[in-house]
Amino acid sequence: MNEAGWTDYSVGTGWLTHDSVSCLGQWENELLIGTLDGGVNRLLVNGVDAISGASAYDTIWTGLISARVQCILVDSHGVKWFGTPKGISLHEGDNSGAGWTDLTTAVGLVSNDVSAIAEDPSGDIWIGTEQGLSVYMNGTIVNYATGTPVENRRINAIHVHTPGIGWLGCMGGLYQLDRSGTGDNWDEIPMFGGSNIHAIYQDHMEDLWIGSDEGLVLYREGGLVFENDLEVFKGLQITSIVPLQENWVGVTTLGGVFVIEKPI
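No gaps in the numbering here: position 228 of the sequence shown is 242 in the numbering used here, and each next residue is one more.
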């Protein structure tokens, strides 16, 4: 830890198997660090000195289906979901060599190329792929692809704030799917038509923070509260939006991290 409170974890320091970090998750005392082509590294949150005991998940010595990890979810039951271009690897427990299960097109996924995973408050798992959406419910998979607005669209981000109602950030638009009733209702947000959405976060006021190729916007009831061009983020793609304090969010990009206060 240096004077500014930062610690460098990279290939150069010996802590990471690959420097291209794609996603993060937390399981118990472990920070799960997903990389592009280096599998998943595990860092002990409390007790960095014990990191040697938290070996990486990799295809070589575990059941991880691919070393290219594009998204991570740790669900409410503690199951770890790793989305890759070859499907999803599920892992239960602390034994990196056991407890693995794969979800692929062979068991019903709409596509193996998984780019986003989220859990809704009822426990259903929403899975975004390059060809549409799959929802995993107690071992059953329901697909939303052919004949829907997300047919053949890559879903980069999913946020589910209410049971059965989810926001889908896609290559080419922003959609809401309401599957809480007897039917499935789709709503496209016209002002984002043609936009490539990469990150979504819905705050405690139900306002949407949306990161796209154009920058960051705050969307509320049909209008924009504010917007920042991508130039604010040095022209680099926004990769995630995470809550910090009540009116603050952290925005990660391909070039670093920004902290932004919400306008009242």
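Glycine included, every Cβ here is placed at the ideal spot set by N, Cα and C.
Being a predicted model, the structure only gives us computed values, none of them experimental.
Alpha carbon of residue i to alpha carbon of residue j, nearest angstrom
i: serine 125; j: asparagine 242; result: 33 angstroms
i: lysine 276; j: isoleucine 224; result: 13 angstroms
i: leucine 87; j: glycine 142; result: 12 angstroms
i: tyrosine 150; j: tryptophan 95; result: 12 angstroms
i: glycine 270; j: alanine 81; result: 23 angstroms
i: valine 279; j: aspartate 217; result: It is not possible to answer for residue 279, since the shown part of the chain is limited to 15 through 278.
i: glycine 237; j: isoleucine 203; result: 10 angstroms
i: leucine 268; j: glycine 39; result: 18 angstroms
i: leucine 188; j: tryptophan 181; result: 7 angstroms
i: glutamate 260; j: tyrosine 215; result: 13 angstroms
i: threonine 31; j: glycine 197; result: 45 angstroms
i: leucine 58; j: tyrosine 71; result: 14 angstroms
Residue burial classification, residue i (beta-carbon count within 10 angstroms, cutoff 16)
i: leucine 222; result: buried
i: leucine 232; result: buried
i: alanine 130; result: buried
i: threonine 160; result: exposed
i: glutamate 106; result: exposed
Proximity below 8 angstroms, CB of residue i to CB of residue j
i: serine 36; j: glycine 53; result: no
i: proline 163; j: tryptophan 200; result: yes
i: leucine 117; j: glycine 92; result: no
i: asparagine 166; j: glutamine 145; result: yes
Contact test: residue i Cβ vs the ligand FAD heavy atom, cutoff 7 angstroms
i: glycine 183; result: By its list of ligands, the structure shown contains no ligand whatsoever, and the ligand FAD lies outside what it can speak to.
message: Would the stretch 155-162 count as touching the stretch 96-112 if we require 3 or more Cβ pairs under 8 angstroms?
response: no
field: Within the stretch 132-164, ranges of the beta strand (DSSP E) (whole runs, at least 3 residues)
entry: 139-143, 146-151 and 154-158
task: Would you be able to state if there are at least three C-beta pairs under 8 angstroms between the stretch 204-211 and the stretch 225-232?
output: yes
query: What are the uninterrupted segments assigned as alpha helix (DSSP H) that are 4 or more residues long and contained completely in the stretch 63-123, given in chain order?
result: Those alpha helix (DSSP H) runs which fall completely within the stretch 63-123 and span 4+ residues do not exist here.
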